[in-house]
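Quick note, the sequences are listed as chains A and B, same order. Using the working numbering, you'd call the opening residue of the first sequence number 35 and step up by one each time. Using the working numbering, you'd call the opening residue of the second sequence number 35 and step up by one each time.
Protein chains: 2
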Amino acid sequence: MNSKLQIVNSLSRKKEIFEPSVPGHVGMYVCGPTVYSDVHLGNVRTFISFDVVYRYLVHLGFKVRYVRNITDVGHLVGDIDEGEDKIAKKARLENLEPMEIVQKYANGFHDVMNIFNAIPPSIEPTATGHLIEQIEMVQRIIDNGYGYEVGGNVYFDVLKFDKDHPYGKLSGRILEDLQSGSRDLDGQSDKRNSLDFALWKKAEKGHLMRWNSPWGLGFPGWHLECSVMSTKYLGTSFDIHGGGMDLKFPHHDCEIAQSVAADGADPVRYWMHTNMLTVNGQKMSKSANNSFLPHELISGDHPLLTQGYSPMTIRFFMLQSHYASELDFSNEALQASEKGFQRLMNALEAVESLDVSKAKGTDAEENKQLNDLIDAVYDELNDDFNTAKAIARLFDLSKKINSYKEGVIDIAGVSAESLERLQKEFHAVIVHVLGLKKESGGDTKVAAGLMELILEMRKDARGRKDYDTSDKIRDVLQELNIVIKDGKEGTSWSMN
Amino acid sequence: MNSKLQIVNSLSRKKEIFEPSVPGHVGMYVCGPTVYSDVHLGNVRTFISFDVVYRYLVHLGFKVRYVRNITDVGHLVGDIDEGEDKIAKKARLENLEPMEIVQKYANGFHDVMNIFNAIPPSIEPTATGHLIEQIEMVQRIIDNGYGYEVGGNVYFDVLKFDKDHPYGKLSGRILEDLQSGSRDLDGQSDKRNSLDFALWKKAEKGHLMRWNSPWGLGFPGWHLECSVMSTKYLGTSFDIHGGGMDLKFPHHDCEIAQSVAADGADPVRYWMHTNMLTVNGQKMSKSANNSFLPHELISGDHPLLTQGYSPMTIRFFMLQSHYASELDFSNEALQASEKGFQRLMNALEAVESLDVSKAKGTDAEENKQLNDLIDAVYDELNDDFNTAKAIARLFDLSKKINSYKEGVIDIAGVSAESLERLQKEFHAVIVHVLGLKKESGGDTKVAAGLMELILEMRKDARGRKDYDTSDKIRDVLQELNIVIKDGKEGTSWSMN
Numbered sequence: 035m036n037s038k039l040q041i042v043n044s045l046s047r048k049k050e051i052f053e054p055s056v057p058g059h060v061g062m063y064v065c066g067p068t069v070y071s072d073v074h075l076g077n078v079r080t081f082i083s084f085d086v087v088y089r090y091l092v093h094l095g096f097k098v099r100y101v102r103n104i105t106d107v108g109h110l111v112g113d114i115d116e117g118e119d120k121i122a123k124k125a126r127l128e129n130l131e132p133m134e135i136v137q138k139y140a141n142g143f144h145d146v147m148n149i150f151n152a153i154p155p156s157i158e159p160t161a162t163g164h165l166i167e168q169i170e171m172v173q174r175i176i177d178n179g180y181g182y183e184v185g186g187n188v189y190f191d192v193l194k195f196d197k198d199h200p201y202g203k204l205s206g207r208i209l210e211d212l213q214s215g216s217r218d219l220d221g222q223s224d225k226r227n228s229l230d231f232a233l234w235k236k237a238e239k240g241h242l243m244r245w246n247s248p249w250g251l252g253f254p255g256w257h258l259e260c261s262v263m264s265t266k267y268l269g270t271s272f273d274i275h276g277g278g279m280d281l282k283f284p285h286h287d288c289e290i291a292q293s294v295a296a297d298g299a300d301p302v303r304y305w306m307h308t309n310m311l312t313v314n315g316q317k318m319s320k321s322a323n324n325s326f327l328p329h330e331l332i333s334g335d336h337p338l339l340t341q342g343y344s345p346m347t348i349r350f351f352m353l354q355s356h357y358a359s360e361l362d363f364s365n366e367a368l369q370a371s372e373k374g375f376q377r378l379m380n381a382l383e384a385v386e387s388l389d390v391s392k393a394k395g396t397d398a399e400e401n402k403q404l405n406d407l408i409d410a411v412y413d414e415l416n417d418d419f420n421t422a423k424a425i426a427r428l429f430d431l432s433k434k435i436n437s438y439k440e441g442v443i444d445i446a447g448v449s450a451e452s453l454e455r456l457q458k459e460f461h462a463v464i465v466h467v468l469g470l471k472k473e474s475g476g477d478t479k480v481a482a483g484l485m486e487l488i489l490e491m492r493k494d495a496r497g498r499k500d501y502d503t504s505d506k507i508r509d510v511l512q513e514l515n516i517v518i519k520d521g522k523e524g525t526s527w528s529m530n
Numbered sequence: 035m036n037s038k039l040q041i042v043n044s045l046s047r048k049k050e051i052f053e054p055s056v057p058g059h060v061g062m063y064v065c066g067p068t069v070y071s072d073v074h075l076g077n078v079r080t081f082i083s084f085d086v087v088y089r090y091l092v093h094l095g096f097k098v099r100y101v102r103n104i105t106d107v108g109h110l111v112g113d114i115d116e117g118e119d120k121i122a123k124k125a126r127l128e129n130l131e132p133m134e135i136v137q138k139y140a141n142g143f144h145d146v147m148n149i150f151n152a153i154p155p156s157i158e159p160t161a162t163g164h165l166i167e168q169i170e171m172v173q174r175i176i177d178n179g180y181g182y183e184v185g186g187n188v189y190f191d192v193l194k195f196d197k198d199h200p201y202g203k204l205s206g207r208i209l210e211d212l213q214s215g216s217r218d219l220d221g222q223s224d225k226r227n228s229l230d231f232a233l234w235k236k237a238e239k240g241h242l243m244r245w246n247s248p249w250g251l252g253f254p255g256w257h258l259e260c261s262v263m264s265t266k267y268l269g270t271s272f273d274i275h276g277g278g279m280d281l282k283f284p285h286h287d288c289e290i291a292q293s294v295a296a297d298g299a300d301p302v303r304y305w306m307h308t309n310m311l312t313v314n315g316q317k318m319s320k321s322a323n324n325s326f327l328p329h330e331l332i333s334g335d336h337p338l339l340t341q342g343y344s345p346m347t348i349r350f351f352m353l354q355s356h357y358a359s360e361l362d363f364s365n366e367a368l369q370a371s372e373k374g375f376q377r378l379m380n381a382l383e384a385v386e387s388l389d390v391s392k393a394k395g396t397d398a399e400e401n402k403q404l405n406d407l408i409d410a411v412y413d414e415l416n417d418d419f420n421t422a423k424a425i426a427r428l429f430d431l432s433k434k435i436n437s438y439k440e441g442v443i444d445i446a447g448v449s450a451e452s453l454e455r456l457q458k459e460f461h462a463v464i465v466h467v468l469g470l471k472k473e474s475g476g477d478t479k480v481a482a483g484l485m486e487l488i489l490e491m492r493k494d495a496r497g498r499k500d501y502d503t504s505d506k507i508r509d510v511l512q513e514l515n516i517v518i519k520d521g522k523e524g525t526s527w528s529m530n
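The structure is reproduced here in structure tokens:
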């Protein structure tokens, strides 16, 4: 490959060559889920995107410490400073202890990640697991003059901070615009300014999740945990911070402000943000009634879906867009991905069957072409992890592979070394970097193939009036709980 | 059933009728693993035992809050007060951040629990997730006069406590015996008495896991977390506390002492302890070189094992002993369980195929016999969760089921209601209470059934010299990567 890994940094809005602060090591933090409901598809896309980032960095030889948190307290309904804790609310509705809600949905989240073949992070810290550290960070912010306490609440002083450091630089917000756009304090809040955000919230009476602090019983503000846990495990300034683009503001801008205010350090060197999901061109949202959950997409059990799609088809479909582009769900696109995924898996099988002993290196041009195609895959991946284009290059390689296999191009042309490189890299990129794998159902496929044969033989038997045979077939299928149905368009079968 | 649930309480050493403190609700705490290495088989047995306790309580209609912790800090090598933290030591050896060790082995633990079909607990709290609560409990113990601080360490004052409350009552240890058996303080320790145990340990320089406390930087003592997390989620006095019997002393006796000292409450109403594992009659231990890990037992990859055993066979094998008895591993016993498990699964299939419309209730004696046998299963489970005897009763029922199926006993004798009860309860106890399930290979079984049919039809076709059909069969099978082999003993097949 000719290129070095480059990342489009959301902070500089430029494509930059990636150079970790400690050569050979990468610290990466990704904002994880708030575990109060089933993980939604947008989150799945974000986590699959960063799963590939993680996998590719490891593939390139970096030692990566990958931290993805679980938000189990402090995230209020509406993502704002006032209101009920999302988990406490769900606990109230489901009549459970908040930590039972946390456990239930964290387990569900892990199951979904596992289904989509995402590698677990190196560390998966929780907000409730880092209260002492959060209290200490709040104290440092107060000590440095950027936080103030009012009646058990502690707020971040945005105006004061902005005098010394630009606030909102990640999202590109300008303080004056934010101020003119924000509503006046109506006496309901004890903030100095409506832009100020909570570092520590006083717990109302009856609040189940609360801890002692220098400011009384309370709980941490939502933005705080990520600042604390990322820097605890990765250092005050670390390499990559990822998340969905809806987190840019206020969440990530607040993270920057907190770190600068507490430790004087800009925490993140490369910010990366994944884009949103759309369905048939429209933003996916609950209110538009066009959002489906992962398990609905797999089963096809949703009015907008004409069929179900396997987890690997969905993963492949997601990777066919660049993480920073919008991703549009449609039955047509998913069905195309289903076919494309199968084609790629077939090529993976084909490449492994090519006979290296026949590769003699007799055609320098062909040999160069092959190596250029392999390089091209890496060039795309090095271009801000462009999985969409890398997959297009893998399809170019698939054509080559099929040509070798079918003898359309003489495999003798390429050298044994090049062919071995092809086999190694084609496998590595698909399996290790993109995280795609053959889906089971090998047996199901076999059963389907055998059934096709049996139904044909049943038809033959009936044609020649051999009812012994057709009865025998009926009996055996019945025993196996297989139901056959003769219809106008032929015979179909299903398993009970 | 005739009986009420009874539990042998390790504290009273008596069988007691189980009555939860809040009718209909059960709070249960089980000491979970210290995640610094692969979970060992003794732990697996403990967690499977309490999985059945949990499942049975739920089956009886209780609403159970089941808490099982993850120890991720404070557990020192040798289970004593001096020495290195188990996780920190492993982190040093593996050159990782301690929380990476925690994540790695917690993930592995969850995978193993999943393989053995253990239901995740309602809450799975971690020691590092409850530092504020631990610090507060230490403070309460100090405030009540049962703890003292020396140079950043806080110890529990065992002699002082024992004057007011018996120390060691769970294990039956007598203070005088403990004292005469313990070594003198050799000036290396700052404890008042060698029996005192650490509530909070000062962190040595370079210690990676440490937090601020009123006594300086440090970390909690190992016994503390369970007292804190059990009472936080289940109340100061809760129903059931379980663990391996090796934890009785000092761990569980210290838990009692801590709760009494901090909150004046005896924390646990029913203590339950699982017994140890032996291998061919000898205690399983690393030093005796006769211990194997769960995955070794499954694969059979260990010098002492003649074959591998499936997870459900292993689960079944474990449940064939009462949790409070020693469990002896031997190839013979495991092989017997393998057959027994299959027999039970066959009976489960058979019971579902019995035709209720044929049950007419013409034989009152037979009808009573059947219901008595069903009752007997529950009587055994109610007798301190005696899964060993309950399984024996299930085998009695299996005989009955097979007799009905084969017509040895006329099914008309029993009433439809009784037969439906049999079907419902036999399934519920095996699947929901014992947590046993058919192991995969469902598709494989179908494929095998279809192949049998196809090979027969191939033979027929050849018999009538219909080579079109036999060639067709050969081609389709080839396409499906199925190889058939005609031998002296008939035709066999295999998949490539």
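Using N, Cα and C, we set each Cβ at its ideal position, and we do this for glycine too.
Which of helix, strand or coil does DSSP assign to PHE52 of chain B?
-> If you number the second sequence from 1, residue 52 of chain B lands on position 18. Looking at PHE52 of chain B - three-state DSSP - the assignment turns out to be coil, as it is neither helix nor strand.
In chain order, which continuous runs of the alpha helix (DSSP H) of length 4 or greater are located wholly inside the stretch 451 to 515 of chain B?
-> Within the stretch 451 to 515 of chain B, the complete alpha helix (DSSP H) runs of at least 4 residues are 476 to 497, 501 to 513.
Within chain B, the residues that VAL473 of chain A reaches when beta carbons sit closer than 7 Å = As a first step, residue 473 of chain A must be located in the first sequence, where it is residue number 439. The sequence shown places Glu at residue 473 of chain A, rather than the Val named in the question. Simply none; closest approach about 13 Å.
How many whole angstroms separate the CB atoms of HIS257 of chain A and GLN213 of chain A, which I take to be in contact at a CB cut-off of 8 Å?
-> Residue numbering aside, residue 257 of chain A sits at position 223 when the first sequence is read from its first letter. Residue numbering aside, residue 213 of chain A sits at position 179 when the first sequence is read from its first letter. With 8 Å as the limit, HIS257 of chain A and GLN213 of chain A do not qualify as a contact, their Cβ atoms being about 19 Å apart.
Pull up the distance between the alpha-carbon of GLY342 of chain B and that of ILE121 of chain A, whole angstroms please.
-> Stepping through the second sequence from its first residue, residue 342 of chain B is reached at position 308. Stepping through the first sequence from its first residue, residue 121 of chain A is reached at position 87. Rounded to the nearest angstrom, the two C-alpha atoms are 44 Å apart.
Paired residues, beta bridge with THR308 of chain B - DSSP | If you number the second sequence from 1, residue 308 of chain B lands on position 274. Partner(s): B:GLY278.
Beta carbon of THR105 of chain A nearer than 8 Å to that of ALA140 of chain A = Here residue 105 of chain A corresponds to residue number 71 of the first sequence, with the count starting at 1. Here residue 140 of chain A corresponds to residue number 106 of the first sequence, with the count starting at 1. Their beta carbons are not under 8 Å apart, which means THR105 of chain A does not touch ALA140 of chain A by this criterion.
Which of the residues in the stretch 148 to 173 of chain A, read from start to end, lie with their CB under 9 Å from any CB of chain B?
-> Flagged, chain order: PRO154, PRO155, SER156, ILE157, GLU158, PRO159, THR160, THR162, GLY163, HIS164, LEU165, ILE166, GLU167, ILE169, GLU170.
Counting along the chain, where does the alpha helix (DSSP H) carrying ALA161 of chain B start and finish?
-> Looking up residue 161 of chain B in the second sequence gives position 127. Unbroken run through ALA161 of chain B: none, as it is neither H nor E.
Between A:VAL172, A:TYR201, A:MET491, which lies nearest to PRO284 of chain A when the distance is taken from Cα to Cα?
-> Position 250 of the first sequence, counted from the first residue, corresponds to residue 284 of chain A. Of the listed residues, the one whose Cα sits closest to PRO284 of chain A is A:TYR201.
Hey, is LEU32 of chain A's beta-carbon within less than 8 Å of any beta-carbon in chain B?
-> For chain A, the structure presents residues 35 to 530; residue 32 of chain A sits outside this window and is missing.
With 16 as the cutoff for other CB atoms within 10 Å, does HIS286 of chain B come out buried or exposed?
-> Counting from one through the second sequence, the residue named residue 286 of chain B turns up at place 252. Under the 10 Å beta carbon count, HIS286 of chain B is surrounded by 16 or more other beta carbons and is classified as buried.
Run of the beta strand (DSSP E) containing ILE41 of chain B, from where it starts to where it stops = To locate residue 41 of chain B, count along the second sequence from 1; it is residue 7. Residue range 40 to 43 is occupied by the beta strand (DSSP E) that includes ILE41 of chain B.
Per-residue DSSP class, three states only, for ALA232 of chain B | Taking the second sequence and counting its residues from 1, one reaches residue 232 of chain B at position 198. It is a strand residue.
If you drop the 5 nearest sequence neighbours on each side, which residues of the same chain put their C-beta closer than 6 Å to that of LEU327 of chain A?
-> If you number the first sequence from 1, residue 327 of chain A lands on position 293. Cβ neighbours of LEU327 of chain A beyond the five flanking positions: ASP72.
Taking only beta-carbon atoms, is TRP245 of chain B less than 8 Å away from chain A?
-> Working through the second sequence from its first residue, we reach residue 245 of chain B at position 211. Yes, contact with chain A.
Counting along the chain, where does the beta strand (DSSP E) carrying ARG102 of chain A start and finish?
-> To locate residue 102 of chain A, count along the first sequence from 1; it is residue 68. Note, ARG102 of chain A: beta strand (DSSP E), 97 to 102.
What number of angstroms, rounded off, separates the C-alpha of ARG377 of chain A from the C-alpha of GLY76 of chain A?
-> For the purposes of this step, residue 377 of chain A is identified with residue 343 of the first sequence, where counting begins at 1. For the purposes of this step, residue 76 of chain A is identified with residue 42 of the first sequence, where counting begins at 1. Rounded to whole angstroms, ARG377 of chain A to GLY76 of chain A spans 26 Å at the Cα level.
Nearest-angstrom Cα distance between LYS239 of chain B and GLY206 of chain A?
-> Here residue 239 of chain B corresponds to residue number 205 of the second sequence, with the count starting at 1. Here residue 206 of chain A corresponds to residue number 172 of the first sequence, with the count starting at 1. The straight-line gap separating the alpha-carbon atoms of LYS239 of chain B and GLY206 of chain A is approximately 43 Å.
Quick one: what does DSSP say THR421 of chain A is sitting in, helix, strand or coil?
-> Translated into positions along the first sequence, residue 421 of chain A becomes position 387. Shown here, THR421 of chain A sits in a helix according to DSSP, grouped into three states.
Using a Cβ cut-off of 8 Å (strictly closer), state whether LEU94 of chain B contacts chain A.
-> For this step, residue 94 of chain B is matched to residue 60 along the second sequence. No, its Cβ sits nowhere closer than 8 Å to a Cβ of chain A.
Contacts around LYS194 of chain A, its chain only, beta-carbon distance under 8 Å, and the 5 residues preceding and following it disregarded = Along the first sequence, one-based indexing puts residue 194 of chain A at 160. Cβ neighbours of LYS194 of chain A beyond the five flanking positions: GLY179, TYR180.
Using a C-beta to C-beta distance shorter than 9 Å, which residues of chain C count as neighbours of THR503 of chain B?
-> The structure shown contains no chain C; the protein chains it does contain are A and B.
Are the beta-carbon atoms belonging to LYS471 of chain A and VAL463 of chain A less than 8 Å from one another?
-> In the first sequence, counting from the first residue as 1, residue 471 of chain A sits at position 437. In the first sequence, counting from the first residue as 1, residue 463 of chain A sits at position 429. With contacts defined as CB atoms closer than 8 Å, LYS471 of chain A and VAL463 of chain A fail to qualify as a contacting pair.
Given a limit of 9 Å on CB to CB distance, which residues of the stretch 361 to 383 of chain A reach chain B?
-> Residues: none.
Grouping DSSP H, G and I as helix and E and B as strand, with all else coil, what is TRP527 of chain A?
-> The residue given as residue 527 of chain A occupies position 493 in the first sequence. Of the three classes helix, strand and coil, the one that applies to TRP527 of chain A here is strand, per DSSP.
Under 8 Å, do LEU353 of chain A and THR308 of chain A count as touching if we go by C-beta distance?
-> Taking the first residue of the first sequence as 1, we reach residue 353 of chain A at position 319. Taking the first residue of the first sequence as 1, we reach residue 308 of chain A at position 274. The answer is no: Cβ separation not under 8 Å.
To the nearest angstrom, how far is it from the Cα of GLU118 of chain B to the Cα of LEU110 of chain B?
-> As a first step, residue 118 of chain B is located in the second sequence; it is residue number 84 there, counting from the start. As a first step, residue 110 of chain B is located in the second sequence; it is residue number 76 there, counting from the start. Distance between the alpha carbons of GLU118 of chain B and LEU110 of chain B is about 5 Å.
Hey, LEU91 of chain A and VAL64 of chain A: beta-carbon distance below 8 Å or not?
-> In the first sequence, the residue the question calls residue 91 of chain A occupies position 57. In the first sequence, the residue the question calls residue 64 of chain A occupies position 30. Not closer than 8 Å, so no.
Quick one: what does DSSP say GLN403 of chain B is sitting in, helix, strand or coil?
-> For this step, residue 403 of chain B is matched to residue 369 along the second sequence. Reduced to three states, the DSSP call for GLN403 of chain B is helix.
From this set, A:ALA381, A:LYS394, A:PHE419, which residue's C-alpha is nearest LEU431 of chain A's C-alpha?
-> Here the question's residue 431 of chain A lines up with position 397 in the first sequence. Shortest Cα-Cα distance from LEU431 of chain A to any of A:ALA381, A:LYS394, A:PHE419 involves A:ALA381.
Which value, in whole angstroms, describes the spacing of the CA atoms of ALA237 of chain B and MET171 of chain B?
-> As a first step, residue 237 of chain B must be located in the second sequence, where it is residue number 203. As a first step, residue 171 of chain B must be located in the second sequence, where it is residue number 137. The alpha-carbon of ALA237 of chain B is positioned some 19 Å away from that of MET171 of chain B.
Of the listed residues B:LEU127, B:HIS336, B:GLN173, nearest to TYR189 of chain B (C-alpha basis) | Within the second sequence, the letter at position 155 stands for residue 189 of chain B. Considering only alpha carbons, the answer is B:GLN173.
Option nearest VAL136 of chain A by Cα separation, candidates B:ILE157, B:ILE149, B:ALA446, B:GLN457 = Numbered from its first residue, the first sequence carries residue 136 of chain A at position 102. Out of B:ILE157, B:ILE149, B:ALA446, B:GLN457, B:ILE157 has the C-alpha closest to the C-alpha of VAL136 of chain A.
Pair within 8 Å by beta-carbon distance, SER355 of chain A and ASN405 of chain A = Walking along the first sequence from the start, residue 355 of chain A turns up at place 321. Walking along the first sequence from the start, residue 405 of chain A turns up at place 371. No. Outside cutoff.
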